[in-house]
Amino acid sequence: MYQYDTYDQRFIGERVAQYQDQVRRRLAGQLSEDEFRPLRLMNGLYLQLHAYMLRIAIPYGTLSSRQLRRLAYIARRWDRGFGHFTTRTNIQFHWIKLEETPDILASLAEVEMHSIQTSGNSFRNTTADPFAGVAVDEIEDPRPYCEIIRQWATLHPEFSFLPRKFKIALSGAPNDRAAIKIHDIGLYLRRNAEGEVGFEVLVGGGLGRTPILAQTIRPFIAKRDILSYLEAILRIYNQYGRRDNLFKARIKILVQSLGIDRMREEVEVEWAAMDHAALALPEEAIAEMARFFPAPDPTPAPADDEAFRAVLEAECGFARWVEQNVAPHKVPGHAIVTVSLKEPGVTPGDCTAEQMELVADLADRYGFGEIRLTHEQNLVLPQIRRIDLPVVWRSLKEARLATANVALASAIIACPGLDYCGLATARSIPVAQRLAIALAPREREIGDLQIKISGCINACGHHHVGHIGLLGVDKNGEEFYQITLGGSADENAALGTIVGPAVKSDEVVNSVDKIVDVYLKLRQEGEQLPETYRRVGNKPFKDVLYAAH
Amino acid sequence: MAETDVSHLVTGNRLRDGVPVYRTVDGGWSPAIDDARLVSAEASETLLAESQDGPPPLPVVAPYLIEARRVKGKVRPLTLRESIRAFGPTI
Chain A
-9 MYQYDTYDQR FIGERVAQYQ DQVRRRLAGQ LSEDEFRPLR LMNGLYLQLH
41 AYMLRIAIPY GTLSSRQLRR LAYIARRWDR GFGHFTTRTN IQFHWIKLEE
91 TPDILASLAE VEMHSIQTSG NSFRNTTADP FAGVAVDEIE DPRPYCEIIR
141 QWATLHPEFS FLPRKFKIAL SGAPNDRAAI KIHDIGLYLR RNAEGEVGFE
191 VLVGGGLGRT PILAQTIRPF IAKRDILSYL EAILRIYNQY GRRDNLFKAR
241 IKILVQSLGI DRMREEVEVE WAAMDHAALA LPEEAIAEMA RFFPAPDPTP
291 APADDEAFRA VLEAECGFAR WVEQNVAPHK VPGHAIVTVS LKEPGVTPGD
341 CTAEQMELVA DLADRYGFGE IRLTHEQNLV LPQIRRIDLP VVWRSLKEAR
391 LATANVALAS AIIACPGLDY CGLATARSIP VAQRLAIALA PREREIGDLQ
441 IKISGCINAC GHHHVGHIGL LGVDKNGEEF YQITLGGSAD ENAALGTIVG
491 PAVKSDEVVN SVDKIVDVYL KLRQEGEQLP ETYRRVGNKP FKDVLYAAH
Chain B
4 MAETDVSHLV TGNRLRDGVP VYRTVDGGWS PAIDDARLVS AEASETLLAE
54 SQDGPPPLPV VAPYLIEARR VKGKVRPLTL RESIRAFGPT I
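These protein sequences, in sequence, are chains A and B. Residues -9 to 539, numbered by this note's numbering, are exactly what the first sequence covers, in order. Residues 4 to 94, numbered by this note's numbering, are exactly what the second sequence covers, in order.
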């Protein structure tokens, strides 16, 4: 993975020192809250319901074991022994003291981490396919481009006052595991008719109160030109994006109002006028960055051995876990392991310090010291030999990290909701817990089912693109949940549609149960819920859901 | 005020650690909502103004008014959000 050079390290060190002084002046009364607030937010520090919350960037969801151990240390020393992994592949600590934050940032800097640009109207953490570099369906590893974009986007002087926050995601594979189409800019690595690899560029996606899927603005652009093309898009957004209305400030609103064709024209004119050479990515620069992300050893390993087969036969839990949580690796005999942070009844995405340390140990012992995060709030060990899977599974199981539920009903995405978040209007976590417990016994029968819950319209829980989406709303002081059906976040992304009136909190489990019953009754071979929903329409679900109303 | 009447109190988050605190009868701040000074709607703005007064830094970030009731001697906020702030996450 990328390693800081002396410039990076010096910059982060200077930034920590600057922040230390800002906190000192705030606590001494030399800075008012109005003056300090933007400064702390630039460093990812929010003030929430119970304490300060520190959001730390995990660039394109890639962590070393050393970094994960440091997050465990921070959880134990400065928080309450756990952290919360988010849909932006960040980690949030929810019980932070302002007076201790300079020490936390200094500690992060020691392991090449920071919290810069995890808030505010800036480029946020660039996200990527969590299987990048090891996926069997990959055209090319997107991580070098993620890092190049991260460096381009960090403290970019021209874009330090964007109309609103800006999120970029990359996938090197056609099967989208990075929710590309819900991003301000989404990039797929593609191969054109001549066999050249470049990018398909999508623009204008986002969720929140106005959910819109990104559209292709350019079907193919050469790799050498990707930065200048991104810069052209950002220039158009920076010029025409609405700063007069917070709710219309995202680029999706600009694309919607101009139309994708006019947006394309504007960007192309801007791009044509730019000095491409200044931002060109020569092959050597790409190759130099790619050296930080070496391809896995191509030597095949055995697909199994006697011990593996014995465990597979004796332990149905292991067999289920292999089936559900283990994905093929591009090198035969290796595997990609998803570590579920979704045991039914726990807070989705939460991870204790001890669990982080265990995963770091397993990464060191069996997985080249590498860990990934998914936007579905799970961890990934991307390079495990298949014959090591039994021992990895046993260790994860002891730590309650081996629930075989990836992509199943109990693996719910949920934002922190009203239990922590100052923006939330309803709770997400208790609803997720109740639903996961209720659906887990029959989730294998149900098959792939993505349930996503947001505690407010900002949609951090991605409810719009859940097969079943739940949005918590406050109605005269009571929590209600609006249900959407038919969404998905993959390469066939779709926005869910509202099935009917919102239901009370204590009716959510029963309502989702009824929806699942209808789906199981009506689905055809190979269909997931969005496909069934599109085929049969809203009525069968609505009829059952509101039969007693 | 009768025990069932809606009262007002001032709350905010403590500057140094972000902990929710409540304005007390003696003009200080307590993390226990039961220590809060409850006042009528008419007196609430005065209480808020007092809470915002003092040399910098104020020990509390952005104090504000909320509604609450005293029930069997215990102070109970009227909204779920403020209950969660006062008593912690529900999970």
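Beta carbons are placed, not taken as given, at the ideal position from N, Cα and C, and that holds for glycine.
Specify, as a first and last residue, the run of the beta strand (DSSP E) that residue i falls within.
{"i": "residue 206(A)", "result": "205 to 212"}
{"i": "residue 442(A)", "result": "441 to 444"}
{"i": "residue 316(A)", "result": "316 to 318"}
{"i": "residue 469(A)", "result": "468 to 475"}
{"i": "residue 74(A)", "result": "72 to 75"}
{"i": "residue 400(A)", "result": "That residue, residue 400(A), is in no beta strand (DSSP E); it is neither H nor E in DSSP."}
{"i": "residue 65(B)", "result": "63 to 74"}
{"i": "residue 10(B)", "result": "10 to 17"}
{"i": "residue 529(A)", "result": "Residue 529(A) -> not in any beta strand (DSSP E); alpha helix (DSSP H) instead, spanning 529 to 535."}
Rounded to whole angstroms, how far is the Cβ of residue i from the Cβ of residue j, which I believe are closer than 8 Å?
{"i": "residue 454(A)", "j": "residue 474(A)", "result": "6 Å"}
{"i": "residue 285(A)", "j": "residue 51(A)", "result": "Wrong, their Cβ atoms sit about 19 Å apart, outside the cutoff."}
{"i": "residue 118(A)", "j": "residue 168(A)", "result": "6 Å"}
{"i": "residue 204(A)", "j": "residue 171(A)", "result": "5 Å"}
{"i": "residue 39(B)", "j": "residue 26(B)", "result": "6 Å"}
{"i": "residue 425(A)", "j": "residue 369(A)", "result": "Rounded, the Cβ-Cβ distance is 22 Å, inconsistent with contact."}
{"i": "residue 6(A)", "j": "residue 60(A)", "result": "That pair is no contact at about 14 Å."}
{"i": "residue 253(A)", "j": "residue 193(A)", "result": "7 Å"}
{"i": "residue 361(A)", "j": "residue 53(A)", "result": "4 Å"}
{"i": "residue 283(A)", "j": "residue -9(A)", "result": "7 Å"}
In chain B, what lies closer than 9 Å to residue i by C-beta?
{"i": "residue 40(A)", "result": "16, 21, 22, 23, 87, 88, 91 and 92"}
{"i": "residue 16(A)", "result": "18 and 60"}
{"i": "residue 410(A)", "result": "87 and 92"}
{"i": "residue 37(A)", "result": "16, 21, 64 and 65"}
{"i": "residue 423(A)", "result": "94"}
Looking only at its own chain, which residues have a Cβ that is under 6 Å from the Cβ of residue i, when we skip the five neighbours before and after it?
{"i": "residue 570(A)", "result": "Nothing in the structure corresponds to residue 570(A), since chain A is present only between -9 and 539."}
{"i": "residue 216(A)", "result": "189"}
{"i": "residue 309(A)", "result": "302"}
{"i": "residue 414(A)", "result": "407, 408, 445 and 446"}
{"i": "residue 128(A)", "result": "162 and 163"}
Please work out which residues of its chain come closer than 8 Å, Cβ to Cβ, to residue i, disregarding the five sequence neighbours upstream and downstream, and give them in chain order.
{"i": "residue 489(A)", "result": "473, 474, 475, 505, 528, 531, 532 and 535"}
{"i": "residue 470(A)", "result": "416, 462, 463, 464, 492, 493, 494 and 495"}
{"i": "residue 271(A)", "result": "138, 213, 214, 215, 216 and 217"}
{"i": "residue 30(B)", "result": "53"}
{"i": "residue 130(A)", "result": "162, 179 and 187"}
{"i": "residue 291(A)", "result": "321, 322, 323, 324, 375, 376 and 377"}
{"i": "residue 12(A)", "result": "21, 26, 29 and 30"}
{"i": "residue 33(B)", "result": "24, 25, 27 and 39"}
Cβ closer than 8 Å: which chain A residues qualify as neighbours of residue i?
{"i": "residue 82(B)", "result": "467"}
Beta-carbon within less than 7 Å of residue i's beta-carbon, same chain only, minus the 5 sequence neighbours each way: which residues are those?
{"i": "residue 354(A)", "result": "55"}
{"i": "residue 257(A)", "result": "207, 222, 223 and 226"}
{"i": "residue 114(A)", "result": "78, 107, 108, 155, 156 and 157"}
{"i": "residue 15(A)", "result": "21"}
What residues of chain A sit near residue i, judged by a beta carbon separation below 7 Å?
{"i": "residue 65(B)", "result": "23"}
Strictly below 9 Å CB to CB, what residues from chain A border residue i?
{"i": "residue 58(B)", "result": "19"}
Taking the alpha helix (DSSP H) that residue i falls in, what are its first and last residues?
{"i": "residue 136(A)", "result": "133 to 143"}
{"i": "residue 229(A)", "result": "216 to 230"}
{"i": "residue -9(A)", "result": "No alpha helix (DSSP H) contains residue -9(A), which DSSP labels as neither H nor E."}
{"i": "residue 251(A)", "result": "250 to 263"}
{"i": "residue 489(A)", "result": "Unbroken run through residue 489(A): none, as it is neither H nor E."}
{"i": "residue 500(A)", "result": "498 to 512"}
{"i": "residue 27(A)", "result": "23 to 32"}
{"i": "residue 64(A)", "result": "55 to 68"}
{"i": "residue 10(A)", "result": "-4 to 17"}
Quick one: which chain B residues come within Cβ less than 7 Å of residue i?
{"i": "residue 419(A)", "result": "94"}
Starting from the beta carbon of residue i, find every residue of chain B whose beta carbon is closer than 8 Å, and list them in chain order.
{"i": "residue 206(A)", "result": "By Cβ distance, chain B contributes nothing, its closest Cβ being about 41 Å from residue 206(A), past 8 Å."}
{"i": "residue 474(A)", "result": "Within 8 Å Cβ-Cβ: nothing; residue 474(A) doesn't reach chain B, min ~23 Å."}
{"i": "residue 95(A)", "result": "Near residue 95(A) there are no residues of chain B at all, since even the closest Cβ is about 16 Å away, more than 8 Å."}
{"i": "residue 337(A)", "result": "94"}
{"i": "residue 87(A)", "result": "19, 20 and 21"}
Between residue i and chain E, is the shortest Cβ-Cβ distance under 8 Å, so that the two count as touching?
{"i": "residue 456(A)", "result": "You won't find chain E in this structure, because its protein chains are A and B."}
Using 8 Å as the threshold, is the segment 320 to 340 of chain A in touch with the segment 406 to 423 of chain A, meaning 3 or more CB pairs across them? yes
Per the contact definition of three or more C-beta pairs closer than 8 Å, is the segment 397 to 404 of chain A in contact with the segment 348 to 356 of chain A? no
Taking three-plus beta-carbon pairs below 8 Å as touching, is the segment 367 to 385 of chain A in contact with the segment 290 to 307 of chain A? yes
Would you check if the segment 144 to 153 of chain A and the segment 91 to 99 of chain A touch, i.e. whether three or more CB-CB distances between them fall below 8 Å? Taking one beta carbon from each stretch, the segment 91 to 99 of chain A and the segment 144 to 153 of chain A have fewer than 3 pairs nearer than 8 Å; the two do not touch.
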